[in-house]
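K.L.:
Taken in sequence, the protein lines are chains Z and S.
The numbering of the first sequence is our numbering, which starts it at 26 and goes up by one.
The numbering of the second sequence is our numbering, which starts it at 26 and goes up by one.
Protein chains: 2
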Amino acid sequence: MSTLAEENYLKCIYHLSLNSENVSTNQISASINTRAASVTDMLKKLADKELINYTRYQGVSLTPAGEKIAVHIIRKHRLWEYFLVEKLDFKWDEVHEMAEEMEHISSMELVDRLDKFMGYPKYDPHGDPIPDSNGQFKKHDLQPVSTIGVNDTGVISGVRDHSPGFLQYLEKQQLTIGKKITVTEINTYDHSMVLEIEDSEIHISREVANNLLITL
Amino acid sequence: MSTLAEENYLKCIYHLSLNSENVSTNQISASINTRAASVTDMLKKLADKELINYTRYQGVSLTPAGEKIAVHIIRKHRLWEYFLVEKLDFKWDEVHEMAEEMEHISSMELVDRLDKFMGYPKYDPHGDPIPDSNGQFKKHDLQPVSTIGVNDTGVISGVRDHSPGFLQYLEKQQLTIGKKITVTEINTYDHSMVLEIEDSEIHISREVANNLLITL
DNA sequence: TTATAAATTTAGACAAGTCTAAATTTTATG
DNA sequence: CATAAAATTTAGACTTGTCTAAATTTATAA
Numbered sequence: 026m027s028t029l030a031e032e033n034y035l036k037c038i039y040h041l042s043l044n045s046e047n048v049s050t051n052q053i054s055a056s057i058n059t060r061a062a063s064v065t066d067m068l069k070k071l072a073d074k075e076l077i078n079y080t081r082y083q084g085v086s087l088t089p090a091g092e093k094i095a096v097h098i099i100r101k102h103r104l105w106e107y108f109l110v111e112k113l114d115f116k117w118d119e120v121h122e123m124a125e126e127m128e129h130i131s132s133m134e135l136v137d138r139l140d141k142f143m144g145y146p147k148y149d150p151h152g153d154p155i156p157d158s159n160g161q162f163k164k165h166d167l168q169p170v171s172t173i174g175v176n177d178t179g180v181i182s183g184v185r186d187h188s189p190g191f192l193q194y195l196e197k198q199q200l201t202i203g204k205k206i207t208v209t210e211i212n213t214y215d216h217s218m219v220l221e222i223e224d225s226e227i228h229i230s231r232e233v234a235n236n237l238l239i240t241l
Numbered sequence: 026m027s028t029l030a031e032e033n034y035l036k037c038i039y040h041l042s043l044n045s046e047n048v049s050t051n052q053i054s055a056s057i058n059t060r061a062a063s064v065t066d067m068l069k070k071l072a073d074k075e076l077i078n079y080t081r082y083q084g085v086s087l088t089p090a091g092e093k094i095a096v097h098i099i100r101k102h103r104l105w106e107y108f109l110v111e112k113l114d115f116k117w118d119e120v121h122e123m124a125e126e127m128e129h130i131s132s133m134e135l136v137d138r139l140d141k142f143m144g145y146p147k148y149d150p151h152g153d154p155i156p157d158s159n160g161q162f163k164k165h166d167l168q169p170v171s172t173i174g175v176n177d178t179g180v181i182s183g184v185r186d187h188s189p190g191f192l193q194y195l196e197k198q199q200l201t202i203g204k205k206i207t208v209t210e211i212n213t214y215d216h217s218m219v220l221e222i223e224d225s226e227i228h229i230s231r232e233v234a235n236n237l238l239i240t241l
């Protein structure tokens, strides 16, 4: 099997791959807070194990084997986050660090039983889809609130920024998963928006609008 | 905090301390499947951190700080075992390895919430007491079935051998935690015993009688 | 009570994963 | 398109936790 460090690299490469086809050493370095030289070393190990495609100076991508492991780690991470919020009553901004540890518990059987225990949830507390035991999941069609116009409506379904600070802000503003919002006003100067949500009005900045995701 | 390896050494020393005041390098070596030379290295590290009392060639004992960590690891191990059996429907012989991983999840808050979620259980699936969040627990007064005589009765409350093989045997014979047994016969030649349990009779060997623990 | 066996420790080495500093390759710019 | 800047890799070193082999200490037994 893979070591803890290997799993973290694969997961990191997976996430970065969602934005760019090939992932650079520096991107990984920044993302996991590790020097580029160390990243290079690890990339060689992962390439030897055929978990990534790697050519010097050209960045990397996951092989099917590498992606399978990455998705399984993400499955575990999101299931444990769901468990922590739904069963142990943690808030959505408190669970990330704990799940970072729990995602490395190895037993497949355990994950599947946990999944069953919770009723096979489809999304984690932040709206991210939970892969099933075969690694399948539908990425739902999300877009930032900032992309819709006045009088358009949507349902809050995810976040782009998972930081506790942002999540706490959303919680305080009642901007939580599942809420229906309507854009009532857009300020052309700073692109801030006014949203209608459950009969009250909320003013959000462009930055918030960029990081809050909705389905139409 | 402590590393994974350090936590395992402390836990190991704690368990061995239950039988002998001072624990020897070789005992630890055998128990965690690591060469005595490596154990010596780690003992020096733990002594530097003042988690154990160590004098060369004389064996070790836990300091209060070391014991506190060990008991906390054991608390986590037993709570997760309870979770796996009671919530995820694993059998009592299946959970040890998984709990060995889970016991190293660090969040204190998580453990306490897990404890609450399950209703503050007092004993794990093998009858071992679960320390509370202050590290307190009462070791109940157990004795091997082999120590009682004909017509004596007891309630199965623990096991001395935690191996899957032994646990599976007990399960098959219905010799599970909470069952009331009465000794109806003792074979003086091989010390095997006949037990009455829920109106049926079971023949057990001396070895089994030594590893099955009861309260009177 | 001394020789021998057993237990323990020291010495030196290694793998994993990280680091800094220097070298190399790629990219961007004047 | 040549060269400076940025990105990446190589080289060499360090820490943790392990190992083997050899030395040392303690325990045992004739």
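Cβ atoms here follow ideal geometry from the backbone N, Cα and C, with glycine treated the same way.
Only a predicted model underlies this, so the values are computations on that prediction, with no experimental measurement involved.
Which residues in chain S have a C-beta closer than 7 Å to the C-beta of Z:Leu35? List them in chain order.
P.N.:
Near Z:Leu35 there are no residues of chain S at all, since even the closest Cβ is about 19 Å away, more than 7 Å.
K.L.:
Going by DSSP in three states, S:Gly13 sits in which element: helix, strand or coil?
P.N.:
Nothing in the structure corresponds to residue 13 of chain S, since chain S is present only between 26 and 241.
K.L.:
What residues in the region 93-120 of chain Z bring their beta carbon closer than 9 Å to a beta carbon of chain S?
P.N.:
Leu109, Lys112, Leu113, Asp114, Phe115 and Glu119
K.L.:
From what residue to what residue does the alpha helix (DSSP H) around S:Asn235 run?
P.N.:
Arg231 to Asn236
K.L.:
Determine the DSSP secondary structure at S:Pro189, reduced to helix, strand or coil.
P.N.:
helix
K.L.:
With 8 Å set as the bound, which would you pick, yes or no: does the beta-carbon of S:Glu31 sit closer than that to a beta-carbon of chain Z?
P.N.:
For S:Glu31, the closest Cβ of chain Z is not nearer than 8 Å.
K.L.:
Per DSSP, what kind of secondary structure is Z:His228 in: helix, strand or coil?
P.N.:
strand
K.L.:
Please state the DSSP three-state secondary structure of Z:Met218.
P.N.:
strand
K.L.:
Between which two residues does the alpha helix (DSSP H) harbouring Z:Asn33 extend?
P.N.:
Leu29 to Ser42
K.L.:
Along the chain, where does the beta strand (DSSP E) that runs through Z:Thr207 open and close?
P.N.:
Lys205 to Ile211
K.L.:
Residues in the region 128-156 of chain S with C-beta within 9 Å of chain Z's C-beta atoms, listed in sequence order?
P.N.:
Result list: His129, Ile130, Ser131, Ser132, Glu134, Leu135, Arg138, Leu139, Lys141 and Phe142.
K.L.:
Answer with yes or no whether the minimum CB distance from Z:Met26 to chain S is below 8 Å.
P.N.:
no
K.L.:
Going by the beta-carbon positions, is the gap between S:Arg138 and Z:Leu113 smaller than 8 Å?
P.N.:
yes
K.L.:
With the cut-off set at 8 Å, would you say Z:Ser182 and Z:Ile239 are in Cβ contact?
P.N.:
yes
K.L.:
Determine the burial state of Z:Val180: buried for a count of at least 16 other Cβ atoms within 10 Å of its Cβ, exposed for fewer.
P.N.:
exposed
K.L.:
Can you tell me the Cα-Cα spacing of Z:Thr65 and Z:Tyr82, whole angstroms?
P.N.:
10 Å
K.L.:
Strictly below 9 Å CB to CB, what residues from chain S border Z:Met218?
P.N.:
The premise fails here: Z:Met218 is roughly 36 Å from chain S at the closest Cβ pair, so nothing lies under 9 Å.
K.L.:
Between the Cα of Z:Gln161 and those of Z:Met143, Z:Lys93 and Z:Val136, spot the shortest distance and give me the residue it belongs to.
P.N.:
Z:Lys93
K.L.:
I'd like the list of long-range same chain contacts for Z:Met127, defined as Cβ closer than 8 Å, with 5 residues on each side in sequence excluded.
P.N.:
Lys101, His102 and Trp105
K.L.:
Helix, strand or coil, according to DSSP, for Z:Tyr148 in the structure here?
P.N.:
strand
K.L.:
According to DSSP, which residues form a beta bridge with Z:Gly183?
P.N.:
Z:Leu238
K.L.:
Could you pull out every residue in the same chain whose Cβ sits closer than 8 Å to the Cβ of Z:Asn236, ignoring the five residues on either side in sequence?
P.N.:
Closer than 8 Å at the Cβ level, and outside the excluded window around Z:Asn236, lie Pro169, Val184, Arg185, Asp186 and Phe191.
K.L.:
Are the Cβ atoms of Z:Tyr148 and Z:Pro154 separated by less than 8 Å?
P.N.:
yes
K.L.:
With the cut-off set at 8 Å, would you say S:Val120 and S:Val136 are in Cβ contact?
P.N.:
no
K.L.:
Using beta carbons (cut-off 8 Å, strictly below), is Z:Met123 in contact with chain S?
P.N.:
Using a CB distance cut-off of 8 Å, Z:Met123 counts as an interface residue toward chain S.
K.L.:
Suppose contacts are defined by Cβ-Cβ distances below 8 Å. Is Z:Ile38 in contact with Z:Val96 by that definition?
P.N.:
no
K.L.:
Here's the rule I'm using: 16 or more other beta-carbon atoms within 10 Å means buried, otherwise exposed. How should S:His216 be labelled?
P.N.:
exposed
K.L.:
For S:Glu196, which residues in chain Z fall below 8 Å Cβ to Cβ?
P.N.:
Those within 8 Å of S:Glu196 in chain Z number zero; the least Cβ separation is about 18 Å.
K.L.:
Work out the CA separation of Z:Thr201 and Z:Val208 for me, nearest whole Å.
P.N.:
16 Å
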